[in-house]
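**Q** Residues 195 to 575, numbered by this note's numbering, are exactly what the sequence shown covers, in order.
First the structure, then my questions, so here it is.
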Amino acid sequence: MVSEKAVIKLSKPSLDSLESDLIQKVLDSNQLVQGKITLEFENLFSDYTGAKYSIAVSNCTAALQLSLISLGVSFNDIVIVPAYSWISTANVVSLCGAHPVFIDIDPKSFNMSPIELEKTLNSLFDLDETRKLCKAIIFVHTFGNLNNIAEVCSIAKKFSIPVVEDAACALGSQSNGKSAGNFGKIGCFSFHPRKIITTGEGGMLVTNDLSLSSEFKALRNHGMDPNSNRPNFISAGFNFRLTEIQSAIGISQMKKIESLLLSRKKIAKKYFKLLNGSDLLAPFYNNTDEHSFQSFVILIPLEIRSRRDEIIEYLKNQGIETTIGTYNMPRTTYFSKRYGYRIGDYPVTEDISERSISLPIYHGLTEGEQELIVSKLISLI
Ligand SMILES: *Cc1c(COP(=O)(O)O)cnc(C)c1O
């Protein structure tokens, strides 16, 4: 029999009549493919992030792929990526025919380590053959944390390599008044239901470069010249468009983004308080930054890391949905088989990926539920 116990979900999108009313308007208009509503969503997104150009696409993976194509990444090239991320960060490199070179992470913020990056770039630039193959760095704002982005951008500048921000989780994150997506040449956002705002599936490219923005508009729409009145195909493009229905959801979500972010911040603050003094390590962040808190990922003590999956399973049976942080990409079947990565190659990523647990965080999670989650967790360690 199915348990009647209330289930605390890991994440829940915040949807109400704002979304359904606007969806109905789109349905009534009979205009379903990319049009005025998508343009309005893009304009709202530019206003919010401060980026000059926003180009909506079908998801963040598509945004990352178009970013690499626009930077000329092709067969046999090298793209630098962190070892710890959702798999699309590395998959898009392979999809371009290029090779990902993984960089270990910083144990505090879980973002790419600037020290490791510089070491790797120095060794790649020592050789003529590899120097000219390095085409891009993808920096991931892990779980919304902007830590190290400025440092990575200044290293990248020294080596003249463009930075693409995988800001899938970082809508609303800011450092020194600058929003995620504006540090590198291109920023990529996701509207998957676990992210800050959702359109079901969806993504956004942001850039301050006019010619890149035109290229993205062509590439998402069969290679059609966005600046011509008649169909004129100027590149081998994709169909990576967002629909008007999805954009209607996006507009509605952007209208409540401040309150969505505020709830996440309040929930995070409460978790920090509840975890204080326990053996569970709360996530690090620079408190002069604005953090989106897309996920709230804690670490269990080293001595019990082999019990991590068992803890997640136990909590699930108690009606609390949690999950792992994210993936040690070099150790996934595809990348380890293809490049021969072994245990110990990325020690920090390995450690963090084995000890992390992502706790429920969404608009509507109550303080009582948070207390229950943390007390159950503490009782297990
Ligand atoms: C969610 C996520 C993606 C993929 O986004 P989609 O919109 O699902 O394609 C890419 N990178 C990171 C870091 C993510 O968290």
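Every residue gets a Cβ at the ideal spot worked out from N, C-alpha and C, and that includes glycine.
Note that the structure is predicted; figures quoted are calculated from it, not measured.
Verify whether the separation of the beta carbon atoms of residue 203 and residue 515 is less than 7 Å.
**A** Yes.
**Q** Going by beta carbon distance, what residues of the same chain come within less than 6 Å of residue 298, once the five residues before and after it are set aside?
**A** These residues qualify, in order along the chain: 277, 307, 310, 540, 542, 543.
**Q** Could you name the residues, in chain order, whose CB is less than 6 Å away from a heavy atom belonging to ligand 1?
**A** Residues with a Cβ closer than 6 Å to any heavy atom of ligand 1, in chain order: 253, 254, 255, 279, 280, 282, 283, 334, 360, 362, 363, 384, 386, 397.
**Q** Roughly how many angstroms lie between the CA atoms of residue 559 and residue 454, to the nearest whole one?
**A** Answer to the nearest angstrom: the Cα atoms are 12 Å apart.
**Q** Pick from 250, 420, 322: whose alpha carbon is nearest that of residue 445?
**A** Cα-wise, what sits closest to residue 445 is 250.
**Q** Can you name, in chain order, every residue of its own chain whose Cβ lies under 8 Å from the Cβ of residue 464, other than the five neighbours on each side?
**A** Here the set comprises 561, 564.
**Q** Which first and last residues belong to the alpha helix (DSSP H) in which residue 308 is found?
**A** Where residue 308 is concerned, the enclosing alpha helix (DSSP H) stretches over 308 to 319.
**Q** Does the contact criterion of 3 or more C-beta pairs under 8 Å hold for the segment 288 to 303 versus the segment 312 to 330?
**A** They touch, by the three-pair rule.
**Q** Considering just the uninterrupted stretch of the beta strand (DSSP E) at residue 559, what are its terminal residues?
**A** First-last for residue 559: undefined, no H or E at that position.
**Q** Does the beta-carbon distance from residue 442 to residue 216 come in below 7 Å?
**A** For residue 442 and residue 216, yes; Cβs fall inside 7 Å.
**Q** Note down, in chain order, each residue of its chain lying with its Cβ closer than 7 Å to the Cβ of residue 557, except the 5 sequence neighbours on either side.
**A** The residues are 208, 454, 457.
**Q** So for residue 511, helix, strand or coil by DSSP?
**A** Residue 511 falls in the helix class under three-state DSSP.
**Q** What are the complete alpha helix (DSSP H) segments, minimum 4 residues, inside the segment 265 to 303?
**A** Runs found: 282 to 289.
**Q** Would you report the Cα separation of residue 535 and residue 523, rounded to the nearest angstrom?
**A** Taking the straight line from one Cα to the other gives about 10 Å.
**Q** Near residue 466, which residues of its chain fall below 7 Å by C-beta distance, leaving aside the five closest residues on each side in sequence?
**A** For residue 466, where only same-chain residues beyond five positions count, the Cβ hits under 7 Å are 476.
**Q** Bridge partners for residue 418 per DSSP, in chain order?
**A** Residue 418 pairs with 427.
**Q** Suppose you measure from the CA of residue 494 to the CA of residue 574; what does that come to, to the nearest Å?
**A** Taking the straight line joining both Cα atoms gives about 10 Å.
**Q** Locate the alpha helix (DSSP H) running through residue 410, then write down its first and last residues.
**A** Taken as a continuous stretch (DSSP letters only), the alpha helix (DSSP H) holding residue 410 covers 404 to 413.
**Q** For the candidate residues 487, 274, 431, whose alpha-carbon lies nearest to that of residue 418?
**A** The shortest C-alpha separation from residue 418 is found at 431.
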